[in-house]
Every structure is written in structure tokens, then in C-alpha cells.
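Chemist: I have a structure I would like to understand better, so I am pasting it below and will then ask my questions one at a time.
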Amino acid sequence: MAEVKVLRSKNLQESSIAIDSEAVETVVSEADKIAARLAARIKTTKTPRQQKKNKNKNPVPEQVNNEKISETYDKPDDSNDITDEGMKLHLQLLAILLQIISGVKRVLEQNKEIYKAIHENKAHGSQWVHFYTGRIGPLCREVIKSRQCDKAKDVWAAMFDIFGEQNLSCINTSAKADDIQLFKNSNKTKEAFKCLFETDDDNILPYIEAIKKKA
1 MAEVKVLRSK NLQESSIAID SEAVETVVSE ADKIAARLAA RIKTTKTPRQ
51 QKKNKNKNPV PEQVNNEKIS ETYDKPDDSN DITDEGMKLH LQLLAILLQI
101 ISGVKRVLEQ NKEIYKAIHE NKAHGSQWVH FYTGRIGPLC REVIKSRQCD
151 KAKDVWAAMF DIFGEQNLSC INTSAKADDI QLFKNSNKTK EAFKCLFETD
201 DDNILPYIEA IKKKA
């Protein structure tokens with residue numbers, strides 16, 4: 001029974017991989033068809049001005065008389081110019097769409113093997129998650145914590161350099177309102193507070209630069 005299950009899962013994986021590759025090839029072929037249709041449309045599309053030139057080459061007698069009459073009484077307008085600009089914009093958009101389709105096709109062809117590999121690895125996804133949460137994840141967290149402590153020490157050192165170690169005291173988490181007010185009004189606190197607004201010749205805050213260099 002175990003061998004039958006293994007063969008079934010293997011056959012399912014192979015069939016799903018074949019389906020994925022067929023889907024990619026279908027998308028690529030459809031992109032080719034759309035690109036060919038758009039290219040043919042760009043070649044065969046004519047602007048109103050081009051159509052008018054073709055009519056002028058082989059005019060119909062009645063149309064010639066009507067055109068002479070209309071040229072005599074009608075005022076010239078720029079409607080053809082406007083429609084020409086609109087058609088040019090339309091052709092430009094079609095050309096851009098062709099470029100997008102060719103880019104999508106190229107990406108699909110280049111990453112076909114990657115898509116297959118991703119699909120093949122889905123079967124081992126649960127094993128990978130279990131392995132990561134059990135062994136890799138805790139090690140990564142320990143490294144991050146150690147780096148955080150190192151950076152915090154560097155920032156503390158920079159603050160002592162800028163504000164003066166003699167002016168900075170430890171934070172008293174159990175301080176009362178009177179103690180906090182006394183801390184605010186002390187000369188040491190005021191001297192350290194002035195450093196927040198001191199700038200160098202380039203109008204840059206030194207304490208920010210010091211912390212950035214340390215961190």
C-alpha cells in the first residue's frame with residue numbers, strides 16, 4: 001500500500017507539472033497570436049489623411065464636381081488634423097501594447113524552469129515549515145536579539161558623548177511627580193536639553209549624526 005501511495009503522489013506531481021508547463025506554453029502562444037494581430041492592424045490601419053489621398057488618386061466624376069462646389073463655398077477646417085493625431089496616438093498605444101506582450105512572453109519563457117521548480121517544492125512545503133520553525137527560526141531570533149543589544153549600546157555611547165555623561169542620569173521608573181519635576185528643573189537636564197538644538201556650520205544636528213555613525 002505504501003508503494004502504491006508513493007507512485008500515485010509521484011504521478012500526480014508529474015501530471016501537475018505537465019499541466020503547468022502546458023499552461024505556460026498556452027499563454028506564450030496566445031501572446032504570439034495577439035502580437036501578430038496587433039502588428040497586422042498597425043500595418044493595415046490608415047489615417048484619414050491617407051484615405052483622402054487614395055481617394056484623390058482615383059476620383060469619381062460626381063465627386064470631383066461636388067468637391068469643387070464644396071471648396072468654393074465651404075471654409076477650411078482642421079478636423080482631419082485632429083483625427084490624424086488621434087489615429088497616431090492609437091497606433092502608438094498599439095505599439096506599446098505589443099512591447100508589453102513581447103516582454104510578458106520573454107519572462108514566461110525565461111522563468112519556465114523556475115515555475116516548475118516552485119511547483120515541485122510545494123510537496124515539501126510542510127516539511128520545510130516544520131524544519132524552519134523548529135531549528136532555523138530560533139537561531140535567527142537569537143542573532144537578531146544580540147545585534148539589537150549591540151546597537152543599543154552604541155547609541156547609548158553616542159548619547160553620552162553628545163549630551164555629557166555627567167548630565168545624564170539613570171531613568172527612575174518608580175519616580176513620583178515631585179521627583180520628575182525636580183529632574184526637569186535641574187541644571188544638568190537643561191544643559192543636556194540645549195544639545196538637542198545645537199547645529200554645526202551645515203545646520204546639521206550633531207547628536208543625530210553621532211548616533212547614526214555609532215549605529
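As numbered in UniProt numbering, residues 1 to 215 make up the sequence shown, in order. Quick reminder that beta carbons are idealized off the backbone N, C-alpha and C, glycines included. Just so we're clear, the structure is a prediction, and the values are computed from it rather than from any experiment.
#1: In this structure, does DSSP put residue 175 in helix, strand or coil?
#2: Classify residue 95 as buried or exposed, calling it buried when 16 or more other Cβ atoms lie within 10 Å of its own Cβ.
#3: Can you name the start and end residues of the alpha helix (DSSP H) that residue 189 belongs to?
#4: Within the same chain, show all residues whose beta-carbon is closer than 6 Å to that of residue 135, passing over the 5 residues directly before and after it, in chain order.
#5: Do residue 179 and residue 185 have their C-beta atoms within less than 8 Å of each other?
#6: Using the rule of at least 16 other Cβ atoms within 10 Å of the residue's Cβ for burial, across every protein chain shown, is residue 192 buried or exposed?
#7: In whole angstroms, what is the alpha-carbon distance linking residue 102 and residue 109?
#8: Check whether the Cβ atoms of residue 189 and residue 183 sit closer than 8 Å, and answer yes or no.
#9: Taking the alpha-carbon positions, what's the residue 194 to residue 137 distance?
#10: Indicate the three-state DSSP secondary structure (helix, strand or coil) for residue 198 in the structure shown.
#11: In angstroms, rounded to a whole number, what distance separates the CA positions of residue 92 and residue 100?
#12: May I have the straight-line CA-CA distance separating residue 204 from residue 176, to the nearest angstrom?
Modeler: Based on what the coordinates show:
#1: coil
#2: exposed
#3: From DSSP, the alpha helix (DSSP H) with residue 189 extends over 187-194.
#4: Take residue 135, set aside five residues on each side of it, and no residue of its chain has a beta-carbon closer than 6 Å to its own.
#5: no
#6: buried
#7: 11 Å
#8: yes
#9: 44 Å
#10: coil
#11: When rounded, the distance between both Cα atoms is 13 Å.
#12: 36 Å
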